[in-house]
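J.: In this note's numbering, the protein residues as written are 45 to 217.
Quick reminder that beta carbons are idealized off the backbone N, C-alpha and C, glycines included.
Computed from a predicted structure; not experimentally measured.
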Ligand code: FEO
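In C-alpha cells form, the structure reads like this:
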C-alpha cells in the first residue's frame with residue numbers, strides 16, 4: 045500500500061510526464077511547420093517516450109494500491125524563436141524533470157518506501173541519458189551557429205540519433 049504522501053508525489057510526476065509529452069509534441073509540430081522534418085520526427089518519438097514514462101507510473105501506482113489520477117494539462121509553448129531555442133527549452137525541461145525525480149527519491153527514503161525507491165531507479169538512469177543527449181545536441185547547435193547548410197545537415201543527422209536510441213531501447217540498453 046502506498047503512503048498518501050508517496051501517492052501524491054507519484055501523481056504529481058504522472059502530470060509532469062504527461063506535460064512533457066505535450067511539450068515535445070508541440071515542439072514536433074513547430075519543427076514540422078518550419079520544414080525541419082528530422083527534428084519533427086525526433087520530437088514525435090520523444091513525445092511518445094514521455095507518454096510511456098507516464099503510463100509506467102500510472103500502472104505502478106495502481107498496482108501498489110494507490111490511485112492514479114489522469115490530470116488536465118496546461119497548454120505547452122507553441123512557438124519558438126529558433127532551433128536553438130527549442131533545444132535550450134528541451135534541456136531546461138529535462139533538468140527540471142531530473143530535479144523532480146530526485147525529490148521523489150528523497151521522499152521515498154524519508155517514508156522508508158524502498159519498493160517505490162527501487163522502481164524510481166529506472167527514471168534516475170533515464171534522466172542521466174536524456175540530459176546527456178540534450179547536452180550533446182546543444183553542443184552541436186552551438187557549433188552550427190547561424191550556418192544554414194550545417195543546420196540542414198543537423199536536421200538530417202538528428203534522425204540517426206533517434207535510430208540509435210531506439211536500437212538501444214530494443215536491445216534493452
Ligand atoms: Fe520522462 Fe524526459 O523525462
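(1) Kindly list the residues whose CB is nearer than 7 Å to the CB of residue 60, restricted to its own chain and excluding five residues on each side of it in sequence; keep chain order.
(2) Quick one: what's got a C-beta closer than 7 Å to residue 109's C-beta in the same chain, skipping five residues either side?
(3) What's the gap between the Cα of residue 177 and the Cα of residue 136?
(4) May I ask you to check if the CB of residue 203 is nearer than 7 Å to at least one heavy atom of the ligand FEO?
(5) With a cut-off of 6 Å, give the chain-ordered residues whose Cβ is closer than this to any heavy atom of the ligand FEO.
(6) Cα separation between residue 96 and residue 159?
T.: Let's see:
(1) 141, 144
(2) Correct list, in chain order: 45, 46.
(3) 13 Å
(4) no
(5) In chain order, the hits are 61, 64, 94, 97, 138, 141, 174.
(6) If I take the Cα positions, the gap works out to 20 Å.
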